Amino acid sequence: MKTSNYLKDLREENVASLQERLVDAKKELFNLRFQNATNQLDNTGRIKEVRKNIARIQTIITEKQREA
Numbered sequence: 678m679k680t681s682n683y684l685k686d687l688r689e690e691n692v693a694s695l696q697e698r699l700v701d702a703k704k705e706l707f708n709l710r711f712q713n714a715t716n717q718l719d720n721t722g723r724i725k726e727v728r729k730n731i732a733r734i735q736t737i738i739t740e741k742q743r744e745a
């Protein structure tokens, strides 16, 4: 599964790199929303995918902070 491999990769990273990924994902989501508002976005399903990835990253960051 693609998702399980993605989660495995996220769990191996440290909190600082996860924070960087989170910022990048939020920027990507902003750009996708902007493209959607101006009718330039072809794949609207990408918005949902990025939102779920942001939630996954935030969940793993929280888990790592509770472990420490």
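Count along the sequence shown starting at 1, add 677, and that's the number in the numbering used here. Even for Gly, the Cβ is constructed at its ideal location relative to N, Cα and C. No experiment lies behind these values; they were computed from the predicted model shown.
Beta-carbon within less than 8 Å of Ile734's beta-carbon, same chain only, minus the 5 sequence neighbours each way: which residues are those?
Once the five neighbours on either side are set aside, the close Cβ partners of Ile734 are Leu687, Leu695, Arg698, Leu699 and Ala702.
Limits of the alpha helix (DSSP H) - the one that Leu718 falls within
Looking at the DSSP string, Leu718 is not in any alpha helix (DSSP H), and its letter there is neither H nor E.
Asn720 beta carbon less than 9 Å from that of Tyr683
Taking C-beta atoms as the reference points, Tyr683 and Asn720 fail to come closer than 9 Å.
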